[in-house]
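Counted the way the numbering used here counts, the sequence shown spans residues 9 to 250. Report on the following structure.
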Amino acid sequence: MTIPSKFHIKILTLFPEMFPGMLGMSLAGKALEKGLWSLETVQLRDYAEDNHKTVDDTPFGGGAGMVMKPDLLDKALRAHQPIGRFIYMTPRGKPLTQALVRELIQEPQLTILCGRYEGVDQRLLDAYQAEEICIGDYVLSGGEPAAMILLDACVRLLPDVLGNMETHNEESFENGLLEYPHYTRPALWTGPDGVERAVPEVLTSGHHGKVAAWRQAESEVVTKAKRPDLWEQYRAKTKKSK
Ligand code: ADE
């Protein structure tokens with residue numbers, strides 16, 4: 009499948025000044041400057057109707073925290089119609105995986121709603137059929153850092169952002185395994201513990217076939233040790249013995 013060459017993102021947030029943040033730096037930042045992707049932020053508070061610019065209210069049924077109001081969010085969304093998939097960042101969402109990232113960049117645009125406080129009124133999410141995405145099993149103080157992580161993972165895969173597309177094929181998760189270890193010069197290095205460590209011999213052999221076989225084997229060992237869940241999935245898919 010071909011990835012669109014331009015990617016447009018619309019973010020609805022109470023903190024538009026957080027963007028582009030880290031996405032304005034390094035590779036993503038250069039790609040932003042070059043126009044390979046673009047970002048539009050919408051300040052949700054602008055759609056509050058009262059003098060206090062209220063964006064949230066206490067939850068029905070009681071309990072701690074505040075909930076973002078559906079009428080306010082609806083007003084913002086009517087003024088800034090979602091483009092592409094409409095995503096809501098929440099710990100209750102489906103996990104963000106490399107496979108999902110690859111899916112998200114198939115379309116040239118994306119709209120992301122970032123919640124604060126206890127979250128967003130469920131009726132708004134139902135009405136707009138929001139796709140809920142979670143970046144990990146922990147709770148952040150808002151959806152903005154989660155949206156940045158999602159976007160970082162997307163933008164680096166866009167054509168011309170990273171340059172060498174081949175580097176993606178061997179990355180962790182692309183083939184269901186974690187990546188093999190990397191080494192560079194010097195070939196012999198003495199660490200702070202006084203131990204001299206050499207680079208695995210096969211890597212300096214110049215034998216491409218042997219290097220590839222070593223890397224594959226290392227990927228399998230690392231995945232088995234660090235991520236037994238991924239290893240089980242990989243084993244089931246490739247019918248490898250334990
Ligand atoms: N908002 C708060 N915590 C989050 C998480 N883990 N993933 C996505 N959005 C969030």
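All C-beta atoms, glycine included, are put in the ideal place defined by N, C-alpha and C.
Check whether the stretch 51-70 touches the stretch 83-97, taking contact to mean three or more Cβ pairs, one atom from each stretch, closer than 8 Å.
yes
Can you give the beta carbon distance from Glu-259 to Phe-23, rounded, assuming they're within the 8 Å contact cut?
Given a span of 9 to 250 for the chain in the structure shown, any question on residue 259 remains unanswerable.
With a threshold of 16 other CB atoms inside 10 Å of the CB of Val-75, please say whether the residue is buried or exposed.
Translated into the one-based positions of the sequence shown, residue 75 becomes position 67. The residue is buried, with at least 16 neighbouring Cβ atoms inside 10 Å.
Tell me the DSSP secondary structure of Pro-167 in three-state form.
Counted from its first residue, the sequence shown places residue 167 at position 159. DSSP places Pro-167 in coil when its eight states are reduced to three.
Spatial distance of Val-163 from Gly-150 (CA atoms):
Reading the sequence shown from its first residue, position 155 is the one you call residue 163. Reading the sequence shown from its first residue, position 142 is the one you call residue 150. One C-alpha to the other measures close to 21 Å.
Run the proximity test for Glu-99: is its beta-carbon closer than 6 Å to any non-hydrogen atom belonging to the ligand ADE?
Locating residue 99 in the sequence shown gives position 91, where the first residue counts as 1. Inspection of the sequence shows that residue 99 is occupied by Pro rather than by Glu. Pro-99 Cβ: within cutoff of the ligand ADE.
To the nearest angstrom, how far is the alpha carbon of Leu-118 from that of Arg-223?
Along the sequence shown, one-based indexing puts residue 118 at 110. Along the sequence shown, one-based indexing puts residue 223 at 215. One C-alpha to the other measures close to 36 Å.
Does the ligand ADE have even one heavy atom less than 6 Å from the beta-carbon of Ile-143?
Taking the sequence shown and counting its residues from 1, one reaches residue 143 at position 135. At least one heavy atom of the ligand ADE is nearer than 6 Å to the Cβ of Ile-143, so yes.
Note down the Cα distance separating His-254 from Asp-79, rounded to an integer number of angstroms.
Examination of residue 254 is not possible in this model, given that the chain is present from 9 through 250 alone.
Of the residues Lys-14, Val-219 and Lys-248, which one's Cα is nearest the Cα of Ile-113?
Counting from 1 along the sequence shown, the entry for residue 113 is found at position 105. Checking every option, the nearest Cα to that of Ile-113 belongs to Lys-14.
As assigned by DSSP and simplified to three states, the class of Tyr-55:
If you number the sequence shown from 1, residue 55 lands on position 47. Helix, per DSSP.
Nearest candidate by alpha-carbon position, reference Gly-144, set Ala-206, Gly-101 and Val-63
Here the question's residue 144 lines up with position 136 in the sequence shown. Gly-144 has its Cα closest to that of Gly-101, out of Ala-206, Gly-101 and Val-63.
Any chance you could list the alpha helix (DSSP H) runs of at least 4 consecutive residues sitting entirely within the stretch 199-242, in chain order?
216-234
Would you call the CB atoms of Met-97 and Cys-122 closer than 7 Å?
Counted from its first residue, the sequence shown places residue 97 at position 89. Counted from its first residue, the sequence shown places residue 122 at position 114. A contact, by the Cβ cut-off of 7 Å.
For the beta strand (DSSP E) that Leu-121 lies in, which residues bound it at each end?
Walking along the sequence shown from the start, residue 121 turns up at place 113. Run containing Leu-121: 117-122, per the beta strand (DSSP E) assignment.
List the whole-angstrom C-beta distance separating Gly-32 from Leu-40, where the pair is believed to meet the contact cut-off of C-beta under 8 Å.
Your numbering for residue 32 matches position 24 in the sequence shown. Your numbering for residue 40 matches position 32 in the sequence shown. Rounded, the Cβ-Cβ distance is 6 Å, consistent with contact.
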